[in-house]
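Visitor:
Numbering (this note's numbering), first residue to last: 10 to 108.
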């Protein structure tokens, strides 16, 4: 499965956990958690196969959190802007035409 002993040891140390004892099981869990509502069955099957064949390798964050109690796939937090940039653009439009 893995291309080297080094890559296998990385999997075992960082990504392997109960329920994902093999890379194939981890791929299956990850694809179902992230893609079930977004892709067709055929697309999911194809994606899992590509992952198992190491032709598609997800980011480490996705590999790490797949199947874990708190899947923090995204660490970004967005705040709503206090000002309306659309209004700023409209107020500048007349001035830009003069230039």
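We put the CB at the ideal spot given by N, CA and C, even for glycine.
What are the boundary residues of the alpha helix (DSSP H) that includes residue 41?
Guide: 32-44
Visitor: Helix, strand or coil: which one does DSSP assign to residue 108?
Guide: For residue 108, the pLDDT reaches just 48, beneath the cut-off of 50, and the residue's location in the model is therefore unreliable, leaving the point undetermined.
Visitor: Just mark residue 40 as buried or exposed, buried being the case when its beta carbon has 16 or more other beta carbons within 10 Å.
Guide: Residue 40 is buried by the Cβ-count criterion.
Visitor: Closest to residue 66 by C-alpha separation, out of 83, 36, 28, would be which residue?
Guide: 36
Visitor: Quick one: using the 10 Å Cβ neighbour count with 16 as the cut-off for buried, is residue 75 buried or exposed?
Guide: Buried.
Visitor: Does residue 31 pass the burial test, meaning 16 or more other C-beta atoms within 10 Å, or should it be called exposed?
Guide: exposed
Visitor: Would a C-beta distance cut-off of 8 Å place residue 61 and residue 33 closer than the cut-off?
Guide: yes
Visitor: Cα separation between residue 12 and residue 85?
Guide: 33 Å
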